[in-house]
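**Q** Residue numbers for the sequence shown follow the numbering used here, so the first one is 70 and each next one is one higher.
We treat Cβ as the ideally placed atom computed from N, Cα and C, and that holds for glycine.
Keep in mind the model is a prediction, meaning the values are calculated, not measured.
After the structure tokens below, expect a handful of questions from me.
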Amino acid sequence: MKKRTILFSLSILLMFSAFLGGCNSKNQITLHVYNWGDYIDPDILKEFEKETGIKIKYDMFATNEEMYVKINQGTAKYDIAFPSDYMIEKMIKEGLAEKIDFNNIPNYRYIDDRFKDLDFDPTNEYSVPYMWGTLGILYNKTMVDDPVDSWDILWNPKYEKQILMLDSQRDTLAIALKRLNYSMNSMVDAELEAAKTSLIEQRPLVLAYVGDEVKDKMIGEEAALAVVWAGDAIAMQRENPDLEYVIPKEGTNLFVDSIVIPSTVQHKAEAEKFIDFLCRTDIAFKNTDYIGYSTPHTEAVTQLDPELANSPIAYPKEEDLEDAEIFIDLGTYLEQYNRVWTDIKAH
Ligand code: N2P
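Right, here's the structure in full:
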């Protein structure tokens with residue numbers, strides 16, 4: 070008899086906790102965050118969940134174009150995304166980015182004015198700068214004996230099958246265009262065709278077109294030269310000191326990756342809370358220290374290890390950026406870039 074009573078109470082208890090659990094999961098808000106691979110300190114996500122009780126579902130992409138397709142399809146209901154400049158411009162034009170209520174982002178005051186009023190969001194209504202950097206060449210000093218100061222070295226047959234290119238259409242076409250002294254935002258058919266031809270000529274020299282795998286490959290000395298983003302160069306140098314990063318003399322791309330609230334948002338208030346959290350000085354510092362990319366946060370930058378804060382890779386001098394260009398949205402001319410990119414990849 071007693072045994073039965075215990076069993077009975079136990080089952081009531083189980084039912085009750087299942088009921089409570091059910092209530093809980095109903096009120097539980099989950100923020101869907103869509104970011105580049107290797108682009109956040111994972112502890113920060115845990116800290117946000119702990120502080121706010123808001124859960125995070127975190128997905129990653131490798132290129133702006135991949136992110137755009139997902140947001141445009143609208144099936145995955147992202148609340149937060151981290152596109153670059155030109156893609157933000159496109160998203161705003163196409164109604165794929167929501168206006169942010171900056172009253173909810175008091176920590177926005179820490180973002181350096183140099184990263185405000187930029188052409189992709191001239192009125193600063195849709196985006197909050199997250200990280201910035203350059204595109205350049207990473208090479209292994211023990212494997213390359215020529216001077217590395219020009220994009221041209223990526224076309225040197227001496228390094229056949231020792232070259233890694235980025236599997237990213239704007240970045241790769243930018244290199245080919247810059248090498249030919251054209252703008253990386255060129256909308257001139259003949260210039261784009263010349264860039265395409267040069268990349269097709271280069272194909273036999275290329276070991277692979279890669280994304281984040283570039284890091285393992287360069288650290289493991291599987292290739293001598295790679296096209297990388299500056300922040301990743303810093304992460305790789307931490308693991309292999311024979312790696313050097315160079316901004317080629319023809320000039321490069323300067324990118325600003327920013328946080329946006331895409332039109333697929335389900336939880337706008339919580340998304341704004343997350344953006345403000347990322348702009349909090351302690352969090353921005355922790356994140357920058359972890360990933361190695363360059364922060365636009367005026368306070369976080371002062372707390373960095375002097376080695377990182379003074380690194381010419383992470384924080385290049387103005388004169389090194391004189392020939393740098395920011396990508397712009399190409400509008401309908403993008404179709405030409407898509408076509409050319411498909412042709413290159415088919416070879
Ligand atoms: C990090 C991706 C950086 C994005 N892996 C460069 N725009």
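Within the continuous alpha helix (DSSP H) that includes Tyr137, where are the two ends?
**A** Start at 1 with the first residue of the sequence shown, and residue 137 comes out as number 68. It spans Asn133 to Gln142 - the alpha helix (DSSP H) in which Tyr137 sits, taken as one unbroken run.
**Q** To the nearest angstrom, how far is it from the Cα of Cys92 to the Cα of Glu339?
**A** Position 23 of the sequence shown, counting from 1, holds the residue named residue 92. Position 270 of the sequence shown, counting from 1, holds the residue named residue 339. Because Cys92 carries a pLDDT of 42, less than 50, the predicted location of this residue cannot be relied on, and the following value inherits that uncertainty. Distance between the alpha carbons of Cys92 and Glu339: 19 Å.
**Q** Which of the three DSSP states, helix, strand or coil, is assigned to Ala295?
**A** Translated into the one-based positions of the sequence shown, residue 295 becomes position 226. Note: Ala295 maps to strand in three-state DSSP.
**Q** Name, in chain order, the residues that DSSP records as bridge partners for Val329.
**A** Within the sequence shown, numbered from 1, the residue matching residue 329 stands at position 260. Its beta-bridge partners are Ala150.
**Q** Suppose only complete runs of 4+ residues qualify. What are the alpha helix (DSSP H) ranges in the segment 264–294, listed by chain order?
**A** You should have 283–288.
**Q** Give me the residue from Tyr179, Met160, Leu207 and Asp215 with the minimum Cα distance to Asp190.
**A** To locate residue 190, count along the sequence shown from 1; it is residue 121. Here the closest residue by C-alpha is Met160.
**Q** What are the boundary residues of the beta strand (DSSP E) that Thr203 is part of?
**A** Working through the sequence shown from its first residue, we reach residue 203 at position 134. Run containing Thr203: Val197 to Asn209, per the beta strand (DSSP E) assignment.
**Q** In whole angstroms, what separates the C-alpha of Thr367 from that of Gly361?
**A** Here the question's residue 367 lines up with position 298 in the sequence shown. Here the question's residue 361 lines up with position 292 in the sequence shown. Taking the straight line from one Cα to the other gives about 16 Å.
**Q** So, are the CB atoms of Phe324 and Asp154 less than 9 Å apart?
**A** Stepping through the sequence shown from its first residue, residue 324 is reached at position 255. Stepping through the sequence shown from its first residue, residue 154 is reached at position 85. Yes, these two residues count as a Cβ contact at 9 Å.
**Q** Taking just the CA atoms, how far does Lys119 sit from Gly90?
**A** Position 21 of the sequence shown, counting from 1, holds the residue named residue 90. Position 50 of the sequence shown, counting from 1, holds the residue named residue 119. Only weak support exists for where Gly90 lies, its pLDDT of 42 falling under 50; the value from the coordinates is given anyway. Approximately 18 Å, taken between the alpha carbons.
**Q** Using only alpha-carbon positions, find the residue among Asp412, Glu391, Ile413 and Ile344 that is nearest to Asn172.
**A** Translated into the one-based positions of the sequence shown, residue 172 becomes position 103. Nearest of Asp412, Glu391, Ile413 and Ile344 to Asn172, Cα basis: Ile344.
**Q** Helix, strand or coil: which one does DSSP assign to Leu323?
**A** Here the question's residue 323 lines up with position 254 in the sequence shown. Correct three-state label for Leu323: strand.
**Q** Considering just the uninterrupted stretch of the beta strand (DSSP E) at Phe184, what are its terminal residues?
**A** Position 115 of the sequence shown, counted from the first residue, corresponds to residue 184. From DSSP, Phe184 is part of no beta strand (DSSP E); its letter is neither H nor E.
**Q** Measuring CA to CA, which of Asp128, Ala383, Leu235 and Lys126 is closest to Lys414?
**A** By one-based count along the sequence shown, residue 414 stands at place 345. Here the closest residue by C-alpha is Leu235.
**Q** Tell me which residue opens and which closes the alpha helix (DSSP H) that Val409 is part of.
**A** Numbered from 1 along the sequence shown, position 340 holds the residue referred to as residue 409. It spans Leu403 to Ala415 - the alpha helix (DSSP H) in which Val409 sits, taken as one unbroken run.
**Q** Tell me the rounded alpha-carbon separation between Asn133 and Ile140.
**A** If you number the sequence shown from 1, residue 133 lands on position 64. If you number the sequence shown from 1, residue 140 lands on position 71. Rounded to the nearest angstrom, the two C-alpha atoms are 11 Å apart.
**Q** I'd like to confirm something about Asp281: is its beta-carbon nearer than 8 Å to some heavy atom of the ligand N2P, or not?
**A** Residue 281 sits at position 212 when you count from the first residue of the sequence shown. Yes, the Cβ of Asp281 comes within 8 Å of a heavy atom of the ligand N2P.
**Q** Taking three-plus beta-carbon pairs below 8 Å as touching, is the segment 292–310 in contact with the segment 185–205?
**A** Taking 8 Å as the limit for Cβ pairs, the verdict is that the segment 185–205 does touch the segment 292–310.
**Q** When the Cα of Ile174 is compared with those of Lys227, Lys342 and Glu308, which residue comes out closest?
**A** Stepping through the sequence shown from its first residue, residue 174 is reached at position 105. For the residues Lys227, Lys342 and Glu308, the minimum Cα distance to Ile174 belongs to Lys342.
**Q** So which residues put a beta carbon under 6 Å from any heavy atom of the ligand N2P, going in chain order?
**A** Taking each Cβ in turn, the ones that pass are Trp105, Gly106, Asp107, Tyr108, Ser153, Asp281, Trp298, Asp301, Phe324 and Asp326.
**Q** Can you have a look at Pro19 and say buried or exposed, based on whether 16 or more other CB atoms are within 10 angstroms of its CB?
**A** Outside the displayed range of the chain (70 to 416) lies residue 19, so it cannot be described from this structure.
**Q** Exposed or buried, which one is Asp351 when buried takes at least 16 other CB atoms within 10 Å?
**A** Within the sequence shown, numbered from 1, the residue matching residue 351 stands at position 282. With fewer than 16 Cβ atoms within 10 Å of its Cβ, Asp351 is classed as exposed.
**Q** Taking contact to mean 3 or more Cβ pairs, one atom from each stretch, closer than 8 Å, check whether the segment 213–228 and the segment 325–338 are in contact.
**A** No: the two stretches stay apart, fewer than three of their Cβ pairs being nearer than 8 Å.
**Q** Mark His101 as exposed unless 16 or more other C-beta atoms lie within 10 angstroms of its C-beta, in which case mark it buried.
**A** For the purposes of this step, residue 101 is taken as the residue at position 32 of the sequence shown. It counts as buried.
**Q** For the 8 Å Cβ check, are there 3 or more pairs between the segment 405–412 and the segment 174–189?
**A** Touching, no, given that fewer than three Cβ pairs across the two stretches are closer than 8 Å.
**Q** Using a threshold of 9 Å, state whether the C-beta atoms of Phe329 and Ala150 are closer than that.
**A** Along the sequence shown, one-based indexing puts residue 329 at 260. Along the sequence shown, one-based indexing puts residue 150 at 81. Sequence inspection shows Val at residue 329; the Phe mentioned does not correspond to that position. Yes, the Cβ-Cβ distance between Val329 and Ala150 is below 9 Å.
**Q** Is Asn93 helix, strand or coil by DSSP?
**A** Reading the sequence shown from its first residue, position 24 is the one you call residue 93. Only weak support is given to the placement of Asn93: the predicted model assigns it a pLDDT of 49, under 50, and the value that follows is read from those uncertain coordinates. Note: Asn93 maps to helix in three-state DSSP.
**Q** In terms of DSSP beta bridges, what is Asp128 paired with?
**A** Counted from its first residue, the sequence shown places residue 128 at position 59. In DSSP, Asp128 forms a bridge with Tyr103.
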